[in-house]
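> First residue of the sequence shown? That's 1 in full-length UniProt numbering, and the numbers climb one at a time after it.
Just so it is clear, CB atoms sit at the ideal spot from N, CA and C, and this is done for glycine as well.
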Amino acid sequence: MVNSNNYGAQQIQVLEGLEPVRKRPGMYIGSTGPRGLHHLVYEVIDNSVDEALAGHCNRITAALNADGSVTVVDDGRGIPTDIHPATGRSALETVLTVLHAGGKFGGDSGYKVSGGLHGVGVSVVNALSEWVEVTVWREGNVHTQRFERGNPIGTLKTAKGSDRTGTQVIFKPDATIFTHTTEFDYDTIARRLRELAYLNAGVDITFTDYRLELIKAKEPRESRYCYEGGIKEYVAYINSDKEPLHPDIIYVNADKNGVQVEAALQWCSDAFSDNLMGFANNIRTIDGGTHLEGLKAVLTRTMNVFARKRKKRKDAESNMAGENIREGLTAVVSVKVPDPEFEGQTKTKLGNTEVRGIVD
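(1) Return the chain-ordered ranges of every beta strand (DSSP E) run that is complete within the UniProt domain "Histidine kinase/HSP90-like ATPase" (32-177) and spans a minimum of 3 residues.
(2) Since residue 242 and residue 287 should fall inside the 8 Å C-beta cutoff, what is the C-beta to C-beta distance between them, to a whole number of angstroms?
(3) Along the chain, which unbroken stretches of the beta strand (DSSP E) at least 3 residues long are found entirely within the stretch 258-324?
(4) Assign residue 20 to one of three DSSP states: helix, strand, or coil.
(5) Return helix, strand or coil for residue 252, following the three-state DSSP convention.
(6) Looking only at its own chain, which residues have a Cβ that is under 7 Å from the Cβ of residue 290, when we skip the five neighbours before and after it?
(7) What is the DSSP secondary structure of residue 14, reduced to helix, strand or coil?
(8) Ordered along the chain, which non-local residues of its own chain (more than five positions away) have a Cβ less than 6 Å from that of residue 184?
(9) Look at the alpha carbon of residue 117 and the alpha carbon of residue 337, and state the distance between them as a whole number of angstroms.
(10) Can you find a heavy atom of the ligand ADP that lies under 8 Å from the Cβ of residue 316?
(11) Report the residue from 98, 141, 94, 193 whose alpha carbon sits nearest the alpha carbon of residue 83.
(12) Let me know the beta strand (DSSP E) ranges lying completely inside the stretch 190-258, each 3 residues or longer, listed in chain order.
(13) Is the beta carbon of residue 34 closer than 9 Å to that of residue 180?
(14) Count the other C-beta atoms from every protein chain shown that fall within 10 angstroms of the C-beta of residue 334, then say buried if there are 16 or more, exposed otherwise.
(15) Using only the alpha-carbon positions, how far apart do residue 119 and residue 273 sit?
(16) Using the three-state DSSP reduction, which class does residue 337 fall into: helix, strand or coil?
(17) Ignore the nearest five residues each way along the sequence and tell me which others in residue 428's own chain have a CB closer than 7 Å to its CB.
(18) For residue 332, count neighbouring Cβ atoms within 10 angstroms of its own Cβ and tell me buried if that reaches 16, exposed if not.
(19) When you compare only the Cα positions, how much space is there between residue 72 and residue 257?
(20) For residue 134 and residue 161, which I take to be in contact (beta-carbon distance under 8 Å), what is that distance rounded to the nearest angstrom?
(21) Identify, in the order they occur along the chain, each residue of the same chain with its Cβ nearer than 8 Å to the Cβ of residue 12, setting aside the five sequence neighbours on each side.
(22) So the candidates are 283, 124, 310, 325; which of them puts its Cα closest to the Cα of residue 296?
(23) Within a Cβ cutoff of 6 Å, which residues of the same chain sit near residue 61, ignoring the five residues on either side of it in sequence?
(24) In whole angstroms, what is the alpha-carbon distance linking residue 121 and residue 131?
(25) Taking 9 Å as the cut-off, decide whether the C-beta atoms of residue 164 and residue 77 are in contact.
(26) So is residue 173 buried or exposed if we call it buried at 16+ other beta carbons inside 10 Å?
(27) Which residues in the same chain as residue 322 place their Cβ atom closer than 6 Å to its Cβ, once the five residues preceding and following it in sequence are excluded?
(28) If residue 96 and residue 136 are in contact, beta carbons under 8 Å, what's the gap, nearest whole angstrom?
(29) With 16 other CB atoms within 10 Å as the buried threshold, where does residue 222 fall?
(30) Can you give the beta carbon distance from residue 140 to residue 17, rounded, assuming they're within the 8 Å contact cut?
(31) Nearest to residue 155 by CA position, among 196, 226, 19, 81, is which residue?
(32) Just how far apart, CA to CA, sit residue 224 and residue 204?
(33) What's the C-alpha gap between residue 44 and residue 86?
(34) Check residue 181 in the structure and name its three-state DSSP category.
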């Protein structure tokens, strides 16, 4: 029996590399249940979408493979493969094996905005996978490397290749971590991919399910998402079974102090509550945040001013309440912030105080 009074340096446990992720996965992906499992896919997809946000990626493909693995491919610039000065290893291996190693920390980073602020995304996927295989097409070469439970198997292999550019990540979740299930739900991922296509106008995303035995099909199931109209099409999709009060969707966009804001709004006569959806750097902020607070404030103020100018509200009358103004409203607000402040790695609420003033 351990003496509880013996508490010294030897009792202090030091976890190195990706050990903390495997020891406490919930700290990084929320849970080891279905939600956390699907979060692995989103982390890899978000890296590809970040390339699209930077203007270097037009096409993304994702696939659920028969062996339980997932493949994500993009036509971006490709993860850098040169030697990283701080680690002495390739940048690719560094990104896959070191927490908080990424090109998304502002300043002289590779991205103006990104959904992967914390920089632990793909390294966490690596840590929580049975194996990961990465292929990078870059500068006329093909680079490949395999990892198992977070550890590199051998070094980066390089061969002469074509002129294409991009990154392919194939990973298989570790069943010793995800003990509840390692089976991905097609519809859950498809909803997220559709959402990303709406939020990034013109990006072409294809999603295929090759698990023929599981889905009891003879042919793979495939969906394609590409929306030139962006969030305007998103609002139209949400309201497709409703009765709009006005046929044209209201759309506004602006860029101030490096923060990009776009909003699409439409009121419906057969809806009795509002449906406000907020996104920050493509991340759905289900717990709201300053961008949605700003939208509510500007709607309340503007509609009351408008009502008084049109003599629909007498000077002696009090202002219309915000919830009454928003009744029947469907709105999508998307902000792109260089230095977003989220609550935790799963990012459910935006905290940047300056964003409210910009939206408002």
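On the basis of the data shown:
(1) Within the UniProt domain "Histidine kinase/HSP90-like ATPase" (32-177), the complete beta strand (DSSP E) runs of at least 3 residues are 59-64, 70-74, 129-138, 141-148, 151-160, 166-173.
(2) Contact flag wrong, Cβ pair sits at about 25 Å.
(3) Correct list: 259-267, 275-280.
(4) Helix at residue 20.
(5) Reduced to three states, the DSSP call for residue 252 is strand.
(6) Within the same chain, residue 290 has close Cβ partners 350, 351, 352, 353, 355, 356.
(7) Here the model assigns residue 14 a pLDDT of 44, short of 50, so the residue's position is not dependable, and the following value carries that caveat. Note: residue 14 maps to coil in three-state DSSP.
(8) Contacts found: 64.
(9) Because the pLDDT of residue 117 is 43, which lies under 50, any placement of that residue in the model is unreliable, and the question is left without a value.
(10) Annotation note on the ligand ADP: not contained in the displayed structure, which lists no ligands.
(11) That would be 94, whose Cα lies nearest to the Cα of residue 83.
(12) Fully contained in the stretch 190-258 are the following beta strand (DSSP E) runs of length 3 or more, in chain order: 204-209, 221-225, 250-256.
(13) Yes, they are a contact pair.
(14) Buried, by the Cβ-count rule.
(15) Only weak support is given to the placement of residue 119: the predicted model assigns it a pLDDT of 43, under 50, and the value that follows is read from those uncertain coordinates. If I take the Cα positions, the gap works out to 37 Å.
(16) DSSP, read as helix, strand or coil, puts residue 337 in coil.
(17) Since the displayed the chain opens at 1 and closes at 360, residue 428 lies outside it and no answer follows.
(18) That one is buried.
(19) The alpha-carbon separation between residue 72 and residue 257 amounts to approximately 33 Å.
(20) Contact doesn't hold; Cβ gap of about 14 Å is too wide.
(21) Low per-residue confidence applies at residue 12: pLDDT is 46, beneath 50, and the placement is therefore not dependable, though the value from the model is reported in the following sentence. The answer is none, since no qualifying residue turns up.
(22) Shortest Cα-Cα distance from residue 296 to any of 283, 124, 310, 325 involves 325.
(23) So the list reads 73, 206, once near-sequence residues are dropped.
(24) When rounded, the distance between both Cα atoms is 16 Å.
(25) It is not a contact, given that the beta carbons lie outside the stated cut-off.
(26) Burial call: buried.
(27) Shown here for residue 322: same chain residues with a beta carbon closer than 6 Å to its own, the five before and five after excluded, namely 296, 300 in chain order.
(28) Not a contact, Cβ separation roughly 11 Å.
(29) So residue 222 ends up on the exposed side.
(30) Taking a contact as a CB-CB distance under 8 Å, the pair residue 140 and residue 17 does not count as one, their CB atoms being some 32 Å apart.
(31) Looking from the CA of residue 155, the closest CA among 196, 226, 19, 81 belongs to 81.
(32) C-alpha separation (whole angstroms): 7 Å.
(33) Between residue 44 and residue 86, the C-alpha separation is close to 24 Å.
(34) Look at residue 181 here: in three-state DSSP terms it is coil, with no helix or strand label.
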